[in-house]
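The working numbering numbers the first residue of the sequence shown as 492 and each following residue consecutively. Positions of the beta carbon are idealized from the N, C-alpha and C atoms, including for glycine. Predicted model, so just to flag it, every value in this text is computed and none were measured. Have a look at the structure below, then the notes.
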Amino acid sequence: MKDAENVQLAEALAPIRDMVKACIQCGTCSASCPNAFAMADTPRRLWRMLQAGEVQMVLKSGSFTLCSACYTCTLRCPRGLPLTDAMSALKQVVAHQDALRFASTTLFYRKFMESVRRHGRVRETEFMCLYLTAMKNPLLPFQFAPLGLKLFSRKKLDFRPPSKGGDARMDALFQKVHELENAP
Ligand code: SF4
Ligand code: SF4
Numbered sequence: 492m493k494d495a496e497n498v499q500l501a502e503a504l505a506p507i508r509d510m511v512k513a514c515i516q517c518g519t520c521s522a523s524c525p526n527a528f529a530m531a532d533t534p535r536r537l538w539r540m541l542q543a544g545e546v547q548m549v550l551k552s553g554s555f556t557l558c559s560a561c562y563t564c565t566l567r568c569p570r571g572l573p574l575t576d577a578m579s580a581l582k583q584v585v586a587h588q589d590a591l592r593f594a595s596t597t598l599f600y601r602k603f604m605e606s607v608r609r610h611g612r613v614r615e616t617e618f619m620c621l622y623l624t625a626m627k628n629p630l631l632p633f634q635f636a637p638l639g640l641k642l643f644s645r646k647k648l649d650f651r652p653p654s655k656g657g658d659a660r661m662d663a664l665f666q667k668v669h670e671l672e673n674a675p
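Here's what the structure looks like:
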C-alpha cells in the first residue's frame, strides 16, 4: 500500500486509537467476549495493534466484524473504555477503506437492520432471504443450509407472518437516528 494511503488510514484510525489508549492489556475484554472464540484477533489484540500504530494489521483483521455489540467488554473493562463503540467505529472505518473485501459483511448488516426496521426485531427467515437474494450468488444458500437446518430442528426459525403495529414506531426511531447521525 502506498504511503499516502497508509497515512490516510492512520488518520482515520486515530480517534479509535484514542478510545483505547488507556488499555492496560489485562485481557478482561477478550475473556468476556462471547465471540472471541471465532476471532483471529481478540479484542485485546486489536487494541494493542491500534496502540502500536499497526494500521495494516488492523486493516487486514476482520475480527471486529464478529462483534455483536453485546457491551459485555464495555461493562467489564477495568479502565472504563468505550470498547463497543470502538468496535463499531472500526467496522465503519475499515469497511470503508476496503469496501470490496467487506461488501458481503456490509450487506449482511444492512439487510439485518432492514428486517429490524420493519418488524422491531430481526425475522431470521426474511433476513436471510433478503441477504441471499442481494448477494446474487447461487451457491451461497448451500453454505448456510447446515445452519438453517440446525436452527429449524431446534424450532428457532419463525415462519409465522409478522405482527402488525411495530413498523411505524421503528420507522420513526430509525428516522431520528438518521437525523442525529447526519446533524452538522
Ligand atoms: S461488544 Fe463486541 S467485542 Fe465486546 S464483548 Fe460483545 S461481542 Fe465482544
Ligand atoms: S478490558 Fe480494558 S484494559 Fe483490559 S485488555 Fe480490554 S480494553 Fe484493555
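| Asked | Found |
| --- | --- |
| Is DSSP giving Tyr622 helix, strand or coil here? | helix |
| When you compare only the Cα positions, how much space is there between Ile515 and Trp538? | 10 Å |
| Give the DSSP-derived three-state secondary structure of Tyr600 in the structure shown. | helix |
| Report the option in Leu664, Val511, Ser644, Met548 whose CA atom is closest to the CA atom of Arg570. | Val511 |
| With a threshold of 16 other CB atoms inside 10 Å of the CB of Lys582, please say whether the residue is buried or exposed. | buried |
| For Ala577, which residues from the same chain have a beta carbon less than 7 Å from its beta carbon, with the 5 sequence-adjacent residues on both sides left out? | Ile507, Met510, Val511 |
| Name the two residues that bound the continuous alpha helix (DSSP H) containing Thr556. | Where Thr556 is concerned, there is no enclosing alpha helix (DSSP H), given that its DSSP letter is neither H nor E. |
| For Gly518, which of helix, strand or coil comes out of DSSP? | coil |
| Count the other C-beta atoms from every protein chain shown that fall within 10 angstroms of the C-beta of Met604, then say buried if there are 16 or more, exposed otherwise. | exposed |
| Could you compute how far the alpha carbon of His610 sits from the alpha carbon of His669? | 18 Å |
| Would Cys561 and Cys520 qualify as a contact pair, given that the criterion is a beta-carbon distance under 9 Å? | no |
| Flag Cys520 as yes when its Cβ comes closer than 8 Å to any non-hydrogen atom of ligand 1, and as no otherwise. | yes |
| Is Thr565 close to ligand 1? I mean its beta-carbon at under 8 Å from any heavy atom of the ligand. | yes |
| Could you check where the alpha helix (DSSP H) with Thr575 kicks off and where it finishes? | 574-588 |
| Helix, strand or coil for Gly639? Go by DSSP, reduced to three states. | helix |
| Do you know offhand how far Pro528's Cα is from Arg536's? | The sequence shown places Phe at residue 528, rather than the Pro named in the question. Whole-angstrom Cα-Cα distance: 13 Å. |
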